[in-house]
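Chains as they are written, first to last, in the working numbering: chain A, 1 to 336; chain B, 1 to 318. Glycine is no exception: its CB is placed at the ideal position from the N, C-alpha and C atoms. Just so it is clear, the structure is predicted and the values come from calculations on it, not from any experiment. Inspection log for the structure reproduced underneath, given as structure tokens.
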Amino acid sequence: MAPLLEVRNLTVAFDTPSGTVHAVNDVSYILEEGETLGIVGESGSGKSVHALSMVGLIATPPGRIVSGQVIFNGRDLLTLSQRELFDLRGKEIGFVFQDPMTSLNPVLTIERQIAEPLRRHFGMSKSQARAQVIELLELVGIPDAARRARQYPHEFSGGMRQRVMIAIGISCNPKLLIADEATTALDVTVQAQILDLVRELKRKIGTTVIWITHDMGVVAGLADTVQVMYGGRIMERGPVRSVFHDPRSAYTWGLLKSLPHGGRRGINRLYQIPGNPPDLTKEPVGDPFAPRNPFATERCKLETPPLVDAADSTPGHRVAAWYDLRAELARMEAQA
Amino acid sequence: MTKLHASPLVSVNRLCKTYGGEGRLFGSRTVALKAVNNVSFDIASGETLGLVGESGSGKSTTGRVLLQLEAPTSGDILFRNKNITGLSKAMLKPYRRDMQIIFQDPYASLNPRMTVGEFVAEPLDVHGLAGARSERQDRVASLFKKVGLDPSFMKRYPHEFSGGQRQRVNIARAIALNPAFIVADEPITALDVSIQAQIVNLFQDLQDELGLTYLFIAHDLSMIRYLCHRVAVMLRGRIVEIGPCEAIFENPQHPYTKALLSAIPVPDPDIERNRQPIAFDVNANLPPEEALLRAVGDRHFVLGGQRHAPVRDSFRDL
Numbered sequence: 001m002a003p004l005l006e007v008r009n010l011t012v013a014f015d016t017p018s019g020t021v022h023a024v025n026d027v028s029y030i031l032e033e034g035e036t037l038g039i040v041g042e043s044g045s046g047k048s049v050h051a052l053s054m055v056g057l058i059a060t061p062p063g064r065i066v067s068g069q070v071i072f073n074g075r076d077l078l079t080l081s082q083r084e085l086f087d088l089r090g091k092e093i094g095f096v097f098q099d100p101m102t103s104l105n106p107v108l109t110i111e112r113q114i115a116e117p118l119r120r121h122f123g124m125s126k127s128q129a130r131a132q133v134i135e136l137l138e139l140v141g142i143p144d145a146a147r148r149a150r151q152y153p154h155e156f157s158g159g160m161r162q163r164v165m166i167a168i169g170i171s172c173n174p175k176l177l178i179a180d181e182a183t184t185a186l187d188v189t190v191q192a193q194i195l196d197l198v199r200e201l202k203r204k205i206g207t208t209v210i211w212i213t214h215d216m217g218v219v220a221g222l223a224d225t226v227q228v229m230y231g232g233r234i235m236e237r238g239p240v241r242s243v244f245h246d247p248r249s250a251y252t253w254g255l256l257k258s259l260p261h262g263g264r265r266g267i268n269r270l271y272q273i274p275g276n277p278p279d280l281t282k283e284p285v286g287d288p289f290a291p292r293n294p295f296a297t298e299r300c301k302l303e304t305p306p307l308v309d310a311a312d313s314t315p316g317h318r319v320a321a322w323y324d325l326r327a328e329l330a331r332m333e334a335q336a
Numbered sequence: 001m002t003k004l005h006a007s008p009l010v011s012v013n014r015l016c017k018t019y020g021g022e023g024r025l026f027g028s029r030t031v032a033l034k035a036v037n038n039v040s041f042d043i044a045s046g047e048t049l050g051l052v053g054e055s056g057s058g059k060s061t062t063g064r065v066l067l068q069l070e071a072p073t074s075g076d077i078l079f080r081n082k083n084i085t086g087l088s089k090a091m092l093k094p095y096r097r098d099m100q101i102i103f104q105d106p107y108a109s110l111n112p113r114m115t116v117g118e119f120v121a122e123p124l125d126v127h128g129l130a131g132a133r134s135e136r137q138d139r140v141a142s143l144f145k146k147v148g149l150d151p152s153f154m155k156r157y158p159h160e161f162s163g164g165q166r167q168r169v170n171i172a173r174a175i176a177l178n179p180a181f182i183v184a185d186e187p188i189t190a191l192d193v194s195i196q197a198q199i200v201n202l203f204q205d206l207q208d209e210l211g212l213t214y215l216f217i218a219h220d221l222s223m224i225r226y227l228c229h230r231v232a233v234m235l236r237g238r239i240v241e242i243g244p245c246e247a248i249f250e251n252p253q254h255p256y257t258k259a260l261l262s263a264i265p266v267p268d269p270d271i272e273r274n275r276q277p278i279a280f281d282v283n284a285n286l287p288p289e290e291a292l293l294r295a296v297g298d299r300h301f302v303l304g305g306q307r308h309a310p311v312r313d314s315f316r317d318l
């Protein structure tokens, strides 16, 4: 069976007054139907931009799709017209964005906002849409849905608003739901509830999900596959247990090691990744993490490593690295 | 580990900060919001107290009122056992040297039109400590080194720096006057994940080197556990639990603390998939107004429902 989504050599740049920003560089991956893909990366990793550019949500100019194909359900999204993308977004691909405070329209009722895609894509009548809205609000765990539907965003808490955003995202029963830092602005207790909700929705309606976040912990609990991005590239991807327990990219390893892991003060210092995130206005040469990588070789600085199968690992675990992290770590341990 | 002294450097006594509630022109009153409600705690010299809670719990307001950036509605703030509440600007100035703050957003807290060197030197000028030009220059250079920045960066402007470097600039300014106490309000939240550990380590190094005392406000509980000696958990303006880090993390008593701890995402798929978050409905569990902190362990206090003799004195004695 053909995969639901196949991204091929996607490269996106932004032309800004201070130079060309190379935001996404040669990103390729496959997403199967029903899979949950967690994409982790920090700001500037290209994790959000690549998702937005797939469905025509970056401003052009300054944005520019330099090359690539995004095959979704048999069609290349990058060749679609604005009109076709308009029909696709919300219906076949749903979105949930980071900030529930600003992504809802403050002067429209919740019902109106959830009903909008239903009426647009399915031509539902007002009363049909209303019934659907109430069902959706119940599905995302908002009590007293019939009454709440008639309220305005300011009458909802942050967590409740994010539930509304998810209700909008799944309203047309999309084949793919893309959530971009959807719980980042929320308190941890609320985040836990939203993550539970997403797991439950997956069980109930089997949506394929791309969950974009900077939080390794969130990905660990939600994703089947994790994809680690840095400097506009995929550094490593694979089954979540394999990547977390046996990382092969020095960046993934450094990120996991720099977290406190329940450690207490005074025992030792946190491992810190040296240096600063890359300057994306520089022409991308070599491994983007090389300047911060203690294990980098000469080749890492000059030549971009391809994403290949990791040696002796779980099928599907792929890494872009010229160095052999396992050998380097073994050497480090022997020295210590 | 830093040795803790018995007498507190900073004490907060029944601190309240209420917004609104004033009479309007024609007699009606606006709704009063108790952002900080009867909060008391001590911080010993050299200690790091973590302050956690959801957004709107009053943790940042507590930090701001503590530094007298806003006037408290009632209650006392003691610094080195001297009551500094309600002092005039001029009277407060010598204390300002000793008490500094670091904000969350390193992009908003730097002046874009000032070189970072000038920005770090500004407090020295304000307090008349800059000295001769070369002396001032040397002082700023040594501050830059202390926070891990190349002194040659002094002449640059903020836009040339990454988030982590900007936060280092803010830290350099905060320690410029050799303060004893720093309120750090979510200082790593806005930073990239790969940079957070650098800044956390810097906070620890500076504490070891300069004997700093911190009030560390954050919502990342795993970082709090790593960095702090004690933790206070705030909910809707009140401290619901306070105690040594180990006690709070290994033996939480208040249902809100339990819910908070159960919700921390752990970067391990095996643990994360078996996690059972404990639900907690804030509105159904608001602490009753008359509730008091009662001792449940060594220096470990929980806001209890039942009336108890005020434990404040025993809290102070411990």
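- The C-beta distance from residue 172/B to residue 149/B rounds to 7 Å, short enough to fall under 8 Å.
- If you look at residue 235/B, you'll find it in the beta strand (DSSP E) that goes 230-235.
- Cβ contact annotation for residue 237/B (same chain, cutoff 6 Å, sequence separation greater than five): 34, 35, 36, 37, 58, in chain order.
- Within chain A, not a single residue places a beta-carbon under 8 Å from that of residue 157/B; the smallest gap is close to 13 Å.
- Comparing alpha carbon positions, the residue from 237/A, 17/A, 93/A closest to residue 168/A is 93/A.
- By the rule that beta-carbons nearer than 8 Å mark a contact, residue 280/B touches chain A.
- Residue 332/A sits exposed, since fewer than 16 C-beta atoms from the chains shown fall within 10 Å of its C-beta.
- With respect to chain A, the C-beta atom of residue 254/B has no partner C-beta closer than 8 Å.
- The Cβ neighbour count for residue 27/B, taken over all protein chains shown within 10 Å, is under 16; the residue is labelled exposed.
- At the C-beta level, residue 183/B and residue 67/B come within 8 Å of one another.
- The segment 165-183 of chain A makes contact with the segment 111-123 of chain A, as at least three CB pairs between them are under 8 Å.
- Between residue 104/B and residue 186/B a beta carbon distance of about 4 Å is seen, short of the 8 Å cut, so the two are scored as contacting.
- Residue pairing by DSSP places residue 16/B opposite 74/B in a beta bridge.
- At least one CB of chain A lies nearer than 8 Å to the CB of residue 273/B.
- Judged by DSSP secondary structure, residue 235/A falls within the beta strand (DSSP E) whose first and last residues are 233-239.
- In this structure, residue 57/A lies away from residue 70/A, with their beta-carbon atoms at least 8 Å apart.
- In the three-state reduction of the DSSP assignment, residue 40/B falls in the strand class, which pools E and B.
- The segment 50-124 of chain A is shown to contain whole alpha helix (DSSP H) runs of 4 or more residues at 82-88, 110-122, in chain order.
- Closer than 8 Å to the CB of residue 225/A there is not a single CB belonging to chain B.
- Distance from the Cα of residue 9/A is smallest, within the candidate group 132/A, 289/A, 65/A, 240/A, for 65/A.
- Judged by DSSP in its simplified three-state form, residue 293/A adopts coil rather than helix or strand.
- Minimum Cα-Cα distance from residue 303/A among the listed residues 323/A, 202/A, 23/A, 159/A corresponds to 323/A.
- Of all alpha-carbon atoms in 260/B, 298/B, 266/B, the one lying nearest the alpha-carbon of residue 281/B is that of 260/B.
- Under the 8 Å criterion on CB atoms, residue 145/A is classed as non-interfacial with respect to chain B.
- DSSP places residue 241/B in the strand class (E or B) of the three-state scheme.
- Taking C-beta separations shorter than 8 Å and ignoring five residues to either side along the sequence, the partners of residue 85/A in its chain run 55, 56, 77, following chain order.
- Taking 8 Å as the CB threshold, residue 191/A lines the interface with chain B.
- Residue 233/B places its beta carbon less than 8 Å from that of residue 257/B.
- Nearest C-alpha to residue 162/A among 248/A, 50/A, 222/A, 192/A: 192/A.
- Distance check between residue 212/A and each of 37/A, 139/A, 190/A, 108/A places 37/A closest, using alpha-carbon atoms only.
- Within chain B, the C-beta atoms nearer than 7 Å to that of residue 271/A come from 197, in chain order.
- Only residues of its own chain outside the window of five on either side were considered, and among them 127 have a CB closer than 8 Å to the CB of residue 93/B, listed in chain order.
- Beta-bridge partners assigned by DSSP to residue 79/B: 10/B, 82/B.
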